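Residue numbering for the sequence shown follows our numbering, starting at 283 and increasing by one per position.
Report on the following structure.
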Amino acid sequence: MEAKESKIRILSLNGGGVRGLYTISLLAEFERVLSNGDERYSIAEHFDLLAGTSIGGLIVLGLANGKTARELEQKVWQHAATIFPPRKNFVPKFLWAIWKGIRAFFSNRYNGEDVSRAVADIVGAESTMRGLQSRVLIPTLNISTGKPLIVKTCHNPRFTRDDQLKLVDVARATSAAPTYFEPHFIQELNAYFVDGGLVANNPSYIAYHEAATDLKEELNVETEEQIFVLNVGTMASEFCINPEKIEGMSAGYMKLWGLGATLVETVMTGNQWMHHFMTARALPKENHIMLDDVVPDQQARIITLDNSRTDALNVLAARGKHKATESLADTNLNLRSKFFSNKAKKFVHPGDK
283 MEAKESKIRI
293 LSLNGGGVRG
303 LYTISLLAEF
313 ERVLSNGDER
323 YSIAEHFDLL
333 AGTSIGGLIV
343 LGLANGKTAR
353 ELEQKVWQHA
363 ATIFPPRKNF
373 VPKFLWAIWK
383 GIRAFFSNRY
393 NGEDVSRAVA
403 DIVGAESTMR
413 GLQSRVLIPT
423 LNISTGKPLI
433 VKTCHNPRFT
443 RDDQLKLVDV
453 ARATSAAPTY
463 FEPHFIQELN
473 AYFVDGGLVA
483 NNPSYIAYHE
493 AATDLKEELN
503 VETEEQIFVL
513 NVGTMASEFC
523 INPEKIEGMS
533 AGYMKLWGLG
543 ATLVETVMTG
553 NQWMHHFMTA
563 RALPKENHIM
573 LDDVVPDQQA
583 RIITLDNSRT
593 DALNVLAARG
603 KHKATESLAD
613 TNLNLRSKFF
623 SNKAKKFVHP
633 GDK
């Protein structure tokens with residue numbers, strides 16, 4: 283069906299660690315094609331709700347705080363190796379794997395302080411949810427209560443809890459992947475949080491539900507057929523485990539689950555597809571578009587959640603840009619009409635009305 287004039291457009295960004303460079307490269311290429319030379323043009327201007335998990339949440343917060351996707355693309359390139367320090371060329375691969383395994387066994391694979399500094403540069407050290415220019419939805423998991431927490435802008439007058447939260451804290455909370463980073467403590471909520479990918483690595487269905495329950499009246503939308511979701515992935519592999527590992531004598535925490543890393547990726551991959559299927563069931567087929575690539579066999583070893591070596595980053599960026607140009611030219615997807623024909627109604631905080 284063609285999109286009706288009154289509609290809700292949702293941008294949903296999956297989690298995936300450094301593979302988020304694929305996501306932001308795709309969005310940045312959209313901007314280059316659609317901007318008509320306007321350096322301040324932002325892809326976020328077309329969407330009524332931005333939803334993101336983990337690295338997707340970091341990108342969403344940057345967009346909602348006024349940065350363009352092109353600016354964020356440069357930031358992700360700049361900080362990829364800070365967040366996920368790569369193996370040095372003189373270090374053998376097997377020694378690097380042993381070192382990361384030892385760190386994972388006794389601590390976390392990466393330094394949270396380095397991550398916080400990088401995140402502050404991307405989203406703003408003192409910026410808060412109250413100052414965002416777009417409606418936002420960010421999943422995370424509160425391990426102090428054992429329950430999911432969906433951080434939101436105040437797009438409903440009742441949603442006042444999160445206004446005071448710093449973007450740095452929200453970004454760290456949604457991206458604190460177990461075994462990779464330590465849980466993140468948010469003082470205002472007096473709780474520890476871990477990666478939102480454990481509950482919704484693909485936030486599309488949560489965002490759809492938010493739109494259907496809290497945005498329809500404000501945006502003059504009557505039915506779910508007027509809700510459109512553009513979901514961008516992170517070039518994640520269709521993760522599965524070789525049966526030989528399961529059947530072996532040593533199918534335990536180290537060999538089968540990779541000291542926790544494989545377990546985390548299994549959970550994230552599984553719920554990512556579950557949320558995709560639920561969104562696909564809830565919306566007409568043409569209203570739900572997922573843009574992603576499958577990792578080619580020859581590149582599967584380098585396209586991982588935490589490989590920030592230049593060869594891997596080049597592949598992610600190139601594939602993201604190619605997917606963007608290919609998708610915009612695809613008349614079956616009809617992205618320009620469904621998502622980019624006009625700008626979304628400007629978000630105004632209820633306290634400013």
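Using N, Cα and C, we set each Cβ at its ideal position, and we do this for glycine too.
Keep in mind it's a predicted model, so treat the numbers as computed, not measured.
1) Using a Cβ-Cβ cut-off of 6 angstroms (strictly less than) and excluding sequence neighbours within five positions of L293, which residues of its own chain qualify?
2) Count the other CB atoms within 10 Å of the CB of G302; is the residue buried (16 or more) or exposed (fewer)?
3) Measure from the C-beta of Y392 to each C-beta in chain D and report whether the shortest distance is under 7 angstroms.
4) Quick one: measure Cβ to Cβ for I488 and I432, integer angstroms, because I've assumed they're closer than 8 angstroms.
5) Given a threshold of 16 other Cβ atoms within 10 Å of its Cβ, counted over all protein chains shown, does A611 qualify as buried or as exposed?
6) Return the chain-ordered list of same chain residues with a C-beta closer than 8 angstroms to the C-beta of N424, the five sequence neighbours on each side being excluded.
7) Can the beta-carbon of T335 be found closer than 7 angstroms to that of T516?
8) Using C-beta distances below 7 angstroms, list every residue in its chain close to Q580, excluding the 5 sequence neighbours before and after it, in chain order.
9) Do the segment 391-411 and the segment 348-362 make contact, defined as three or more Cβ pairs closer than 8 angstroms?
10) Should A407 be labelled buried (16 or more other beta-carbon atoms within 10 Å of its own) or exposed?
11) Provide the residue span of the beta strand (DSSP E) that contains T422, from first to last.
12) Is the Cβ-Cβ distance between L449 and V405 less than 7 angstroms?
13) For my contact list, E506 and L565 are in at a C-beta cut-off of 8 angstroms; report their separation, rounded to the angstrom.
14) Do you know offhand how far V300's Cα is from M411's?
15) Nearest-angstrom Cα distance between S307 and N318?
16) Find out if the Cβ-Cβ distance for the pair D575, R591 is shorter than 7 angstroms.
17) Using only CA atoms, which one of S416, I584, F366 and R443 lies nearest to K349?
18) Buried or exposed, going by whether 16 or more other CB atoms sit within 10 Å of the CB of Q508?
19) Whole angstroms is fine: what's the gap from V630's alpha carbon to L414's?
20) Give the single residue among R618, K627, P632 and K628 whose Cα lies nearest to the Cα of V315.
21) If you count every other CB in all the chains shown that lies within 10 Å of the CB of M531, and 16 or more means buried, which is it?
22) Buried or exposed: where does E547 fall if 16 or more other Cβ atoms within 10 Å of its Cβ makes it buried?
23) Which residues mark the beginning and the end of the alpha helix (DSSP H) in which G479 is found?
24) List the endpoints of the continuous alpha helix (DSSP H) containing G394.
25) Which of the three DSSP states, helix, strand or coil, is assigned to L340?
26) Report yes if the C-beta distance between A455 and H437 is below 7 angstroms; otherwise report no.
27) DSSP on V514, reduced to helix/strand/coil?
28) Enumerated in chain order, which unbroken segments of the beta strand (DSSP E) with a length of 3 residues or greater are wholly contained in the segment 546-623?
29) With a cut-off of 8 angstroms on the beta carbons, I'd call K627 and E327 a contact; round off their distance for me.
30) Tell me which residues share the same chain as L636 and place their Cβ nearer than 8 angstroms to its Cβ, disregarding the 5 neighbours each side in the sequence.
31) Pick helix, strand or coil for P430, following the three-state DSSP scheme.
32) Report all residues from its chain with a CB closer than 7 angstroms to the CB of V401; omit the five preceding and five following residues, and keep chain order.
33) Identify whether V476 lies in helix, strand or coil by the three-state DSSP scheme.
34) Determine the direct distance from the alpha carbon of K603 to that of N502, and round the result to whole angstroms.
35) How many angstroms separate the CA atom of K635 from the CA atom of P439?
36) Report all residues from its chain with a CB closer than 6 angstroms to the CB of K357; omit the five preceding and five following residues, and keep chain order.
Taking the geometry as given:
1) F329, L332 and L512
2) buried
3) Protein chain content of the structure displayed is limited to a single chain, and chain D is not contained in it.
4) 6 angstroms
5) exposed
6) P430, L431, L471, A473, Y474 and F475
7) No; because the gap between Cβ atoms is not below 7 angstroms, this pair is not in contact.
8) none
9) The segment 391-411 makes contact with the segment 348-362; the number of CB pairs closer than 8 angstroms reaches 3 or more.
10) A407 counts as exposed, since fewer than 16 other beta carbons sit within 10 angstroms of its beta carbon.
11) V418 to N424
12) yes
13) 6 angstroms
14) Cα to Cα, the separation comes out at about 24 angstroms.
15) 18 angstroms
16) In this structure, D575 sits away from R591, with a CB-CB distance that is not shorter than 7 angstroms.
17) S416
18) buried
19) Cα to Cα, the separation comes out at about 9 angstroms.
20) That would be R618, whose Cα lies nearest to the Cα of V315.
21) Bear in mind that a pLDDT of 47 at M531, under 50, signals an unreliable position, so the number given afterwards is only what the model happens to contain. Its Cβ having fewer than 16 others within 10 Å, M531 is exposed.
22) Under this definition E547 is a buried residue.
23) G479 to A482
24) It spans G394 to V405 - the alpha helix (DSSP H) in which G394 sits, taken as one unbroken run.
25) helix
26) no
27) strand
28) Counting whole runs of 3 or more residues, the segment 546-623 contains the beta strand (DSSP E) stretches 570-573.
29) Going by Cβ atoms, the distance from K627 to E327 rounds to 11 angstroms, so no, they are not a contact pair.
30) There is simply no residue 636 to check, as the chain begins at 283 and stops at 635 in what is shown.
31) strand
32) L340, V450, A453 and R454
33) strand
34) 34 angstroms
35) 11 angstroms
36) The residues are I404.
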